[in-house]
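One line per chain: the protein sequences are A and B, in this order.
Our numbering puts the first sequence at residues 676 to 981.
Our numbering puts the second sequence at residues 53 to 370.
Note that the Cβ used here is the ideal one computed from N, Cα and C, for glycine as well.
What you are looking at is a predicted structure, and each value in this text was computed from that prediction instead of being measured.
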Amino acid sequence: MSGLLFLEQSLNGLQFGLMLFLLAAGLTLVFGIMDMINLAHGSLYMIGAYLMATLAQATGSFWIALPLALAATALVGAILELTLLRRLYGRDHLAQVLATFAVILIANEVVRIVWGPQPLLLNAPPSLTGPVTLPGGLQYASYRLLIIGVGILVALLLYFLIAKTRVGMLVRAGASNREMALAMGVDIRRLFTAVFALGAALCALAGAMLGPILAVQVGMGENILILAFVVIVIGGIGSIRGALVGALLVGIVDTSGRAFLPLFFGVFLPPQFASAAGPALASVLIYLLMAVVLFFRPQGLFPARG
Amino acid sequence: MKRVLACFVVLAAFPLVMQAMDNLFYVSLASRMLIYAIAATSLNLALGYGGMVSFGHAAFFGAGAYTVAILATEGISNLWLAWPAAVVVAAVAALMIGAVSLRTRGVYFIMITLAFAQMVYYIFVSLKEYGGEDGLPLPGRSSGLPLSLADDVTWYYLVLALFAATLYGLYRLSRSRFGRVIEAIRENEVRAEAIGFPVYRYKLACFVLSGAAAGLAGALIANQASYVSPSLLHWIQSGTLMIMVILGGVGTLWGGALGAIALLALEHLISDYQIDWLERLAPNYQDHAGLAVGVVLLAIVLAAPQGLAGMLSGKRRA
């Protein structure tokens, strides 16, 4: 029994971690290449989820809506980059924080005006609503398995894009030394618009995949944004590999902490105390992880800058 | 100096005018603004003067507030006991968080202070016997003065006095040897180290002072509404304090206060006032105050890089 529970929680952690990776990948590249703090990244996740819910309703199909939502969100991201964020690259981090915080406020209100204050409903594709039986007898939601599959696929694609293509080489060059890349004739500005649009599409993918599990509502981007920042700081800013490792660490630590800490405390503490202390400590756990990582590796696990 | 004096004369006369107009709501709003002004000023000490971009100041603000609230529920509402306790608790929290965080630099410092603040947030959310997620109401404002603080005008003057003391403290600090060293470290840490200043200890002292002042502001905000909730510790609160400082002017004496007052006034103006032409243009605009606040913030970032204080003194970026 406990073996099955362990397997189930590991899969949940993997699934959550891979979705965090989708968010963190775009964030870490934006951060690494342009040295830009973008708090509005979570807003793109929210906008992606809303577009997905609307398009799924309009087309009646999850699979037709998905690529449309990704493209639309990428477009929103590119417009945001071209009109606003581009003006902020030369400014200090504080100005970037202020401006992108303003974008969060604006995005939340615009979403509330367009879609209203009620959360939207986004259903998983009908063929994937039931559970499947995994080897070992575990009943696991097939939709969650799909999320894991999509996450792994995107991670592989990103790895191929970053490690094996010319565009990826330019991205890595920009992340490790921006001035040198500029001096060597790389058109960083155009590259960055493309990276930003890609990051937005990944946000939308995470929003679309998590939509049926979590609620599609205003403010959904804010808490997950902080987790994405934790991920990229643990992994090392600018490093895709770091983002993947950080995301999996955070996903698994958070999920298993929530599942097992109350049980663990229940062994030697009175039940009412265990049920209070368990979830609290579980929430604290990932921040503790980050503080410990930063204490020993102040540049994160995989620093991109040499 | 004349301008400062004029400012405080206006601030001191404000409740009398409002009393004459029978409009005490604004006295209460003004107290709230001044409390946030203290909190933002405390952050400005670390962020503007010390160059330490703390994204977790709500932790100290909230710790101060919760100290007062918890002591009050346990029957200790004397301000001579509760408020110093709030300051000490916030200072100790700042000492522990700062001691670890100050080993990192730049963006990593921003993120590690955020991480610690989130830990504090979740710890208070989990305190079920003190309200947990729902927050904790106080039996009333603190006692211990011959006057009753339940009276909004008396309360305003007490807050104003503490605000003046905070600003004066920052003024004296920035002109002291300690303040000079802190600014030298902000400008060039390596050089300050080479000259022989114990950089780490100076920064930590500055961070603790800043946290302690935020704890005082927290003690006041708990009294203001006679209610505390975990939202005082949420990262959005840290962000808002940072926004106030950036909006007002980083590293300027009045920056935190200006930003706090401007932001709260803007929020109030949009959500509580009926502007007829705007109402015709966009019905229900008052439900969407965040939109206007966001647009104004964006305009200020793009148009006034030095914040409001920079705009007022007419300085331009070189």
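Residues of the stretch 769–794 of chain A that bring their beta carbon within less than 9 Å of a beta carbon in chain B comprise LEU769, ALA770, GLN771, VAL772, LEU773, ALA774, PHE776, ALA777, VAL778, ILE779, LEU780, ILE781, ALA782, ASN783, GLU784, VAL785, ARG787, ILE788 and PRO792, in sequence order. Taking the Cβ atoms as the reference, ASN96 of chain B lies roughly 16 Å from GLY267 of chain B, outside the contact range of under 8 Å. For THR206 of chain B, the enclosing alpha helix (DSSP H) starts and ends at 204–227. DSSP places PRO67 of chain B in the uninterrupted alpha helix (DSSP H) bounded by 54–72. Note on geometry: alpha-carbon atoms of LEU76 of chain B and GLY192 of chain B lie some 19 Å from one another. For ALA314 of chain B, the enclosing alpha helix (DSSP H) starts and ends at 307–324. Cβ-Cβ separation between ILE823 of chain A and LEU686 of chain A: approximately 7 Å, consistent with a contact (criterion under 8 Å). Rounded to the nearest angstrom, the Cβ distance from ALA134 of chain B to SER194 of chain B is 6 Å, consistent with a contact under 8 Å. Beta-carbon to beta-carbon, LEU702 of chain A and LEU923 of chain A are separated by about 16 Å, too far to satisfy the 8 Å threshold. By a beta-carbon distance limit of 8 Å, ALA246 of chain B does not contact TYR88 of chain B. Their separation comes to about 39 Å.
Out of B:GLN276, B:ILE327, B:LEU147 and B:ALA202, the CA that lies nearest to the CA of TYR252 of chain B is found in B:LEU147. THR868 of chain A has its alpha-carbon roughly 47 Å from the corresponding atom of LEU938 of chain A. Following the DSSP letters along the chain, one finds VAL825 of chain A inside the alpha helix (DSSP H) bounded by residues 817–839.
Per DSSP, reduced to three states, the secondary structure at THR93 of chain B is helical. Rounded to whole angstroms, the separation of the alpha carbons of LEU877 of chain A and LEU188 of chain B is 40 Å. Counting the other CB atoms within 10 Å of its CB gives ASP324 of chain B a total below 16, which places it among the exposed residues.
The C-alpha of GLY874 of chain A lies about 8 Å from the C-alpha of ALA749 of chain A. Taking 9 Å as the CB threshold, PRO973 of chain A lines the interface with chain B. As far as DSSP is concerned, VAL347 of chain B takes part in no beta bridge. For the stretch 195–207 of chain B, the beta-carbon criterion of a distance under 7 Å to any beta-carbon of chain A is satisfied by none of its residues. Closest in alpha carbon position to ALA317 of chain B, among B:GLY300, B:ASP204 and B:ALA58, is B:GLY300. Only residues of its own chain outside the window of five on either side were considered, and among them THR93, LEU97 and LEU305 have a CB closer than 7 Å to the CB of LEU222 of chain B, listed in chain order. With a cutoff of 9 Å on beta-carbon distance, ALA782 of chain A and ALA715 of chain A are scored as near each other.
When the alpha-carbon of PHE113 of chain B is set against those of B:SER283, B:LEU354, B:GLY248 and B:VAL347, the nearest one is in B:SER283.
When the five nearest sequence neighbours on each side are left out, the beta carbons in the same chain lying within less than 7 Å of the beta carbon of TRP738 of chain A are those of PRO800, in order along the chain. Contact of PHE867 of chain A with chain B is not assigned, every C-beta pair being separated by 9 Å or more. The C-beta of ILE779 of chain A has 16 or more other C-beta atoms within 10 Å across all chains shown, which makes the residue buried. Burial state of GLY692 of chain A is buried, judged by a 10 Å Cβ sphere holding 16 or more other Cβ atoms. Going by beta carbons, MET294 of chain B and LEU99 of chain B fall inside the 9 Å limit. Ranking A:SER677, A:ASN713 and A:GLY717 by CA distance to the CA of GLU897 of chain A puts A:GLY717 first. When CB distances to chain A are screened at a threshold of 8 Å, the residues of the stretch 272–291 of chain B falling below it are TRP287, ILE288 and GLY291, in chain order.
Residue pairing for ASN130 of chain B: DSSP places it in a beta bridge opposite B:SER195. Neighbours of ARG762 of chain A in chain B, taken as residues whose beta carbon is under 8 Å from its own, are LEU354 in chain order. When secondary structure is reduced to three states using DSSP, THR703 of chain A falls in the helix class. Contact annotation: ALA124 of chain B and ALA274 of chain B have beta-carbon atoms nearer than 9 Å. Chain B places a beta carbon closer than 9 Å to that of ARG766 of chain A, counting this residue as a contact.
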